[in-house]
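For reference, the structure is listed below as structure tokens.
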Amino acid sequence: MPETIDCNTMTRMLRGAAAEIREQHEMLSRLDSVGGDGDHGTTMLRAMANLEKAIDASAAPGLKPLLYDVGWAILGVDGGATGPLLGTLFMSMSEALEGKDAPNPAEMAAAFEAGLAGVQAQTKAQVGDKTMIDALVPAVAALRTSVNGGSDIVDALRRAAEAAEQGAAATRELQARFGRARNIKEKSIGTQDPGATSVSLMFKGFWKGAETHA
Amino acid sequence: MPETIDCNTMTRMLRGAAAEIREQHEMLSRLDSVGGDGDHGTTMLRAMANLEKAIDASAAPGLKPLLYDVGWAILGVDGGATGPLLGTLFMSMSEALEGKDAPNPAEMAAAFEAGLAGVQAQTKAQVGDKTMIDALVPAVAALRTSVNGGSDIVDALRRAAEAAEQGAAATRELQARFGRARNIKEKSIGTQDPGATSVSLMFKGFWKGAETHA
Amino acid sequence: MAMKKLINDPANLVPELLEGFALANAGKVALQGSNLVVRTSPKSKDKVALVTLGGSGHEPALSGFVGEGMLDISVPGEIFAAPGPPRVIEALRLANREAGVLLIVLNHAGDIMSAKIAMDMAKKEGLNVKQVLTHEDISSGSRENPDDRRGLVGCLAVIKAAGAAAEQGHSLDECLAIAERMERNMATLAVAVSGATHPCTGDVIAEIPEDVMVVGMGQHGEAGGGTQSLKTADETADIMLPVLLEDIQAKPGDELLVMLNGVGSTTLMELYLVLRRIKQILEGKGITLARSLVGEYLTVQEMGGFQMCVARLDEELKALWDAPSNAPALTVK
Amino acid sequence: MAMKKLINDPANLVPELLEGFALANAGKVALQGSNLVVRTSPKSKDKVALVTLGGSGHEPALSGFVGEGMLDISVPGEIFAAPGPPRVIEALRLANREAGVLLIVLNHAGDIMSAKIAMDMAKKEGLNVKQVLTHEDISSGSRENPDDRRGLVGCLAVIKAAGAAAEQGHSLDECLAIAERMERNMATLAVAVSGATHPCTGDVIAEIPEDVMVVGMGQHGEAGGGTQSLKTADETADIMLPVLLEDIQAKPGDELLVMLNGVGSTTLMELYLVLRRIKQILEGKGITLARSLVGEYLTVQEMGGFQMCVARLDEELKALWDAPSNAPALTVK
Ligand SMILES: Nc1ncnc2c1ncn2[C@@H]1O[C@H](COP(=O)(O)OP(=O)(O)O)[C@@H](O)[C@H]1O
Ligand SMILES: Nc1ncnc2c1ncn2[C@@H]1O[C@H](COP(=O)(O)OP(=O)(O)O)[C@@H](O)[C@H]1O
Ligand SMILES: [Mg+2]
Ligand SMILES: [Mg+2]
Ligand SMILES: [Mg+2]
Ligand SMILES: [Mg+2]
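Here is the structure:
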């Protein structure tokens, strides 16, 4: 296992996320149809298609431009809340990687933290509000903790994915306070948040992708 | 039984027609819903309401103005084909009664013939085309034959009503060549024509009305 | 599904909707006499007046076509039922003028009968009225039997052309000739995909099975044509347009007006797809899509489907089509 | 009932419908760049430009509001989905000018996020852009929590007023102030009586039981309010209007604009009945129905129901409302 993350690893991670989403997109739409407009799976599919197209087309080598292109491509998805938030995640990660062509695990954790901060600049949603934030925050926190504790990147991503999954699962008991689902108020309780589920699937994909490469 | 028809008799006849229609309006709409737009019963109800209003309001005494007012009132019904045709029937009868305040049965038959001619000036439909003409033509013919044979007005109207009923019944086997029902072509076969049925009901009402008065 | 309409007492439906219509277009139209729809600023008396009649329930038609550059008076009937002759003659008397009155009649049994009786009376009274009949529905009769052809949304083009001509000071005979030319030049075909309910009776107007569409259905759900499986937008245009082009014998180099009239619940979105395909087909044939109009002009309550109307334009008809109008349903600057 | 729509491949739905929309309104609007809807005759560069963004499937909104006197550019998204920030910033760059650009954003999660990211970029790039948010749906939040209020058909009045002001040469700050005043002055409530289907997925957008209506339903079928038995037109107006009047604190002597926006299959006929009742209620309160607009402006496919929007007008807003426009969906002479 290399000490730094290169373009190849990141590409595997991103493709891993796309693979997980593609497998589960129908479930994602079903979740969204309870309190939202039922398009979350379709939107995520388009986001992942754009992501892969961006990877394939990305001319500039280097993590920073790769993540910029991926983020911009996901922003380009006409997808309601998802495109802007997930696109911002990658755009902000890209910004944080200024001058870091081969980040070590700590630098990678910092990039994810910057990504989260970028997302949080776009939405006031907090943990507990039943949004993708409920998966993203614990995932990034677990990544940081593992890295600080000496984990390698694969192990840290595994822990992040587990934390994201738990965070997503916990949204089932919550009432939505952001997004379309907030309109159905207490009726949103009992269904897992689609956006949080997507984030959890993407972290699983990051982990699996990094693992196959290792 | 008087030898001439006065306003009172005519009023009874007209009210008799209204009573028959009112009793059967749902059936008339049902017939119209097969090949037409299902409004014939409603239209006839409105026509009969206007007819009775015209009788009540008719200031000028005399058959001619009475039938004019009734015809004009029926013309005033927004009712597709029915209003113009039935309104014209009475308007033309009125015209034919110029100078005849108390027509005898033969003059009455002539007035009905003039009414039929007025209707026929409005439509090219012939007997056999599955329209109200299929009831009107035999009714007027029977009226003339009976009167010529010496029947009094009640008896002549009874025969006219019977002829109208037979004419209407015969439309069941015909294919509509006029009105909305012509659009469904051979599918119109098997349903009695609503307009012919109305005419048959009205002649029954003329007869019953004349009879109660007698 | 039972009827779900926001109405009050069905017996008052038409007067109430006319009251609301006049309110919604205050400053343009008003009610006069026995619920005739007239312009608030009448056309000058030295110009030909245009009058039409027809059942209600097809909003915005026909009263939505009253306005500068289009109609002077419309005589709205009951729901789906022609107005009786007394109100038609009332309108003709009101419109009467030396320049003359053009009565536009859509070919439906009730309308032509009311018009005939009113025209007979008008002639007796010495009014200067002429009539044009619109009958462009190719599903209900051949060009050789025009009496059988129903009048659908094509009336709009006839009213627009003749209305503009009248506004420009053309004589009654000229307006009539223009109206008749537009009428001869055009053809309409309707497709229905879902039914509607009669707002007064609650009766289903057209019962159309799932996955089925009906090409050639009349304005009130009268069946008239081909029941077939539901098609895509492109396929539907491919079926409908060629027969219309054949009917008007469109040739390469021709310039066409195409109107796509949504009849109720079919979306503009769908109509735009159909127009896109029409343009492709016409291009393939060397025919020009010179003008188009897409929207809801003559509806049948909440029915799903649309009417496709094509009309060959010459230079004069094109200019008349482009002329200004302030009618509620068709404002042209 | 399964979906019965005349469409082609759902994946191409939006580009195809935009192509047809531009064809249907050739001479007024055109597509530019990545399917931005622009005017064919652009506004002079010394005047403020207006840009908006929003999901498709609501035709004629929002692109139907592009035209002289209203919008300069609309950025249409996918069906019911906001366009992403890249096309929004593309539009802002295209509209950019010294006089400035006003971005009108309807309050829906996706739209405000796309707008925020694009605005952040615009600021970094030194573009002179300001934003106004429309959020007038009283069912989804109180006046104290305007963030919760969705943007419904009221955007039309904001675009109309600010668009007219821009055309008259007002500065960006003045246009913004006018837009914000109109926005503050207005309130909207929706009622739904029947559902619709998503044209791409075929999913039912809102399932509304027979004999039931839902007051306060969002633009995409999100439930938001009171499920109750279906009412008459008058009763429905009696339920909806008073809460709207209370929200804008309408007082005797006020002059109101009332918009009744059919969302799909509800007929003009029904909307006219509702307007009639509104006039009666307002008269009873000494409030003037100064202006009205009845029609389909922001639809939700074939959904049944309508949005009622009331806005208090002052003399300036009235004049701006009356100002000319040649937008496809709202031609004003
Ligand atoms: N304001 C918000 N902040 C954070 N996440 C949000 C917000 N709004 C929506 N989301 C997330 O987006 C998900 C829905 O995504 P999607 O269905 O693609 O967008 P839309 O709701 O616009 O159709 C929700 O499940 C939630 O996780
Ligand atoms: N052209 C016509 N000539 C004679 N009778 C006609 C004609 N058209 C329709 N009718 C008669 O009218 C009846 C239908 O009347 P009604 O339903 O009231 O009118 P509409 O068809 O306009 O709705 C038909 O059954 C037929 O008897
Ligand atoms: Mg969604
Ligand atoms: Mg009928
Ligand atoms: Mg409609
Ligand atoms: Mg519609």
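Chains as they are written, first to last, in numbering that gives the first Met the number 0: chain A, 0 to 213; chain B, 0 to 213; chain C, 0 to 332; chain D, 0 to 332. Cβ atoms here follow ideal geometry from the backbone N, Cα and C, with glycine treated the same way.
Near ligand 1: residue i beta-carbon under 7 Å from a heavy atom
i                     : result
residue 132 (chain A) : yes
residue 31 (chain A)  : yes
residue 198 (chain D) : no
Alpha carbon of residue i to alpha carbon of residue j, nearest angstrom
i                     : j                     : result
residue 0 (chain B)   : residue 152 (chain B) : Bear in mind that a pLDDT of 49 at residue 0 (chain B), under 50, signals an unreliable position, so the number given afterwards is only what the model happens to contain. If you take the alpha carbons of residue 0 (chain B) and residue 152 (chain B), they lie about 8 Å apart.
residue 0 (chain D)   : residue 202 (chain D) : Below a pLDDT of 50, predicted positions are generally treated as unreliable, and residue 0 (chain D), at 49, falls in that range; the measurement from the model is reported next regardless. Cα to Cα, the separation comes out at about 11 Å.
residue 255 (chain C) : residue 124 (chain D) : 47 Å
residue 25 (chain D)  : residue 67 (chain C)  : 24 Å
residue 205 (chain D) : residue 299 (chain D) : 10 Å
residue 334 (chain D) : residue 261 (chain D) : The structure shown has nothing for residue 334 (chain D), since chain D only spans 0 to 332.
residue 209 (chain B) : residue 156 (chain B) : 8 Å
residue 42 (chain B)  : residue 55 (chain B)  : 20 Å
residue 75 (chain B)  : residue 135 (chain B) : 21 Å
residue 7 (chain D)   : residue 320 (chain D) : 38 Å
residue 146 (chain C) : residue 111 (chain C) : 10 Å
residue 139 (chain B) : residue 62 (chain B)  : 19 Å
residue 79 (chain B)  : residue 35 (chain B)  : 11 Å
residue 261 (chain B) : residue 100 (chain B) : Given that chain B is displayed from residue 0 to residue 213, the structure contains no residue 261 (chain B) and the question cannot be resolved.
residue 5 (chain B)   : residue 170 (chain B) : 34 Å
Neighbouring residues, chain C, relative to residue i (Cβ below 8 Å)
i                     : result
residue 91 (chain B)  : Residues of chain C passing the Cβ test: none, with the nearest at roughly 11 Å.
residue 325 (chain D) : 332
Proximal residues of chain B, C-beta to C-beta of residue i below 9 Å
i                    : result
residue 79 (chain C) : 36, 38 and 79
Contact set between residue i and chain C, taken where Cβ atoms lie within less than 7 Å
i                     : result
residue 291 (chain D) : 22 and 23
residue 196 (chain B) : Neighbours of residue 196 (chain B) on chain C: none; closest Cβ ~17 Å, over 7 Å.
Check whether residue i and residue j have beta carbons under 8 Å apart
i                     : j                     : result
residue 59 (chain C)  : residue 310 (chain C) : no
residue 307 (chain D) : residue 259 (chain D) : yes
residue 267 (chain D) : residue 291 (chain D) : no
residue 93 (chain C)  : residue 54 (chain C)  : no
residue 204 (chain B) : residue 16 (chain B)  : yes
residue 49 (chain C)  : residue 165 (chain C) : yes
residue 108 (chain A) : residue 142 (chain A) : yes
residue 182 (chain B) : residue 141 (chain C) : no
residue 84 (chain A)  : residue 197 (chain A) : no
residue 82 (chain A)  : residue 46 (chain A)  : yes
residue 74 (chain D)  : residue 100 (chain D) : no
residue 50 (chain A)  : residue 13 (chain A)  : yes
Residue i: contacting residues in chain D (beta-carbon distance under 8 Å)
i                     : result
residue 233 (chain C) : 7
Residue i: CB within 7 Å of a non-hydrogen atom of ligand 3
i                     : result
residue 100 (chain A) : no
Ligand 4 heavy atom lying under 7 Å from the CB of residue i
i                    : result
residue 40 (chain B) : no
residue 79 (chain B) : yes
residue 56 (chain C) : no
residue 53 (chain C) : no
Proximal chain B residues relative to residue i, where beta-carbon distance stays under 7 Å
i                    : result
residue 76 (chain C) : 77
Beta-carbon neighbours of residue i, restricted to chain D and to distances below 9 Å
i                     : result
residue 298 (chain C) : 266, 267 and 268
Chain-ordered neighbours of residue i on chain D, where CB pairs are closer than 7 Å
i                     : result
residue 187 (chain A) : Residues of chain D passing the Cβ test: none, with the nearest at roughly 11 Å.
residue 16 (chain C)  : 268, 271 and 272
Amino acids of chain B, ordered along the chain, whose beta-carbon sits closer than 8 Å to that of residue i
i                     : result
residue 139 (chain C) : 182
>> Tell me which residues of the region 185-211 of chain C have at least one Cβ-Cβ distance to chain B shorter than 8 Å, keeping chain order.
In response: Within the region 185-211 of chain C, those residues whose Cβ lies closer than 8 Å to any Cβ of chain B are, in chain order, 197, 199, 200, 202 and 204.
>> For the region 110-126 of chain C, list every residue whose C-beta sits within 7 Å of some C-beta in chain B, in sequence order.
In response: The region 110-126 of chain C vs chain B, Cβ under 7 Å: 112, 113, 115 and 116.
> Listed in chain order, which residues of the region 57-86 of chain B have Cβ atoms closer than 9 Å to some Cβ of chain C?
Replying inline: Sequence-ordered contacts of the region 57-86 of chain B with chain C read 71, 72, 73, 74, 75, 76, 77, 78, 79, 80, 81, 82, 83, 84 and 86 [C-beta pairs closer than 9 Å].
>> Can you pull out the residues from the region 257-283 of chain C whose beta carbon lies closer than 9 Å to at least one beta carbon of chain B?
In response: Residues of the region 257-283 of chain C with a C-beta less than 9 Å from any C-beta of chain B: none at all.
> Just by C-beta distance, which residues in the region 36-47 of chain D are closer than 8 Å to chain C?
Replying inline: Of all residues in the region 36-47 of chain D, none has a Cβ within less than 8 Å of some Cβ in chain C.
> Quick one, which residues of the region 120-145 of chain A are near chain D if we go by CB-CB under 9 Å, in chain order?
Replying inline: So the close ones are 120, 121, 122 and 123.
>> Short of 8 Å Cβ to Cβ, which residues in the region 165-179 of chain B face chain C?
In response: Cβ contacts with chain C come from 177, 178 and 179.
> Using a Cβ cut-off of 7 Å, which residues of the region 54-68 of chain C contact any Cβ in chain D, in chain order?
Replying inline: For the region 54-68 of chain C, which is checked against every Cβ of chain D, the residues closer than 7 Å are 56, 58 and 59.
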